[in-house]
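Before any comments, here is the structure.
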Ligand SMILES: [Cu+2]
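In my numbering, the protein residues as written are 215 to 423.
Pasting the structure below:
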């Protein structure tokens, strides 16, 4: 505030100077005052920008914290799961070049419980709507299950006893994505377990029309 008043005081002192010098110096003083006010305005603008950025960061951090705390118990529990007792000799397969015109292709993956306790399968889902998977165990056939959140994948409770075996029949429809679905593809089928990390099977293919 004092700095804003100073030009007025200077003006008063200046009136004692010779006329020419008076006008030159008065212009300089007012110019300086104008620049000073502009500088304050800019500082305020920058301050607003900084406050805006900080507020945005706070909102983002809040959303991240909220989404993490909003996780379901099931998802949170997944982080503490142990290694799978279920093992598979083949966990990935390459269909090679397949044609949309020739229709769906399928592959059966086998797995076995090598652990000492039962393994409980709680859900089966695929990574994409073009892929379906059926679970075949001693209890029978379940599915076909689809993409997580999009297809049919209700919770299940399928127990594989120690030494027990199961199969997953995977069906891929190369035409599901229409003409744009050509090229290399990579899909995953997941067998979610109640107390272990999911058992995953994947396949690749090169899709042509
Ligand atoms: Cu797909």
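Positions of the beta carbon are idealized from the N, C-alpha and C atoms, including for glycine.
Please report the straight-line C-alpha distance between residue i and residue j, rounded to a whole angstrom.
i           : j           : result
residue 324 : residue 339 : 16 Å
residue 403 : residue 261 : 51 Å
residue 329 : residue 377 : 7 Å
residue 318 : residue 381 : 19 Å
residue 346 : residue 321 : 11 Å
residue 375 : residue 306 : 24 Å
residue 308 : residue 316 : 17 Å
residue 354 : residue 393 : 36 Å
residue 401 : residue 386 : 9 Å
residue 352 : residue 331 : 17 Å
residue 310 : residue 369 : 33 Å
What are the residues that DSSP puts in a beta bridge with residue i?
i           : result
residue 384 : 321, 347
residue 407 : 335
residue 327 : 300
residue 402 : 416
residue 308 : 418
residue 361 : 340
residue 374 : 333
residue 355 : 350
residue 397 : 421
Tell me which residues share the same chain as residue i and place their Cβ nearer than 7 Å to its Cβ, disregarding the 5 neighbours each side in the sequence.
i           : result
residue 421 : 312, 314, 388, 395, 396, 397, 399
residue 384 : 320, 321, 323, 345, 347, 403, 415, 417
residue 367 : 337, 338, 339, 359, 360
residue 373 : 332, 334
How about residue i and residue j: are their beta carbons less than 9 Å apart?
i           : j           : result
residue 298 : residue 412 : yes
residue 303 : residue 379 : no
residue 356 : residue 362 : no
residue 371 : residue 408 : yes
Note down, in chain order, each residue of its chain lying with its Cβ closer than 8 Å to the Cβ of residue i, except the 5 sequence neighbours on either side.
i           : result
residue 410 : 295, 296, 297, 298, 299, 300, 333
residue 391 : 344
residue 423 : 313, 314, 315, 393, 396
residue 364 : 343
I'd like the list of long-range same chain contacts for residue i, defined as Cβ closer than 6 Å, with 5 residues on each side in sequence excluded.
i           : result
residue 406 : 336, 337, 412
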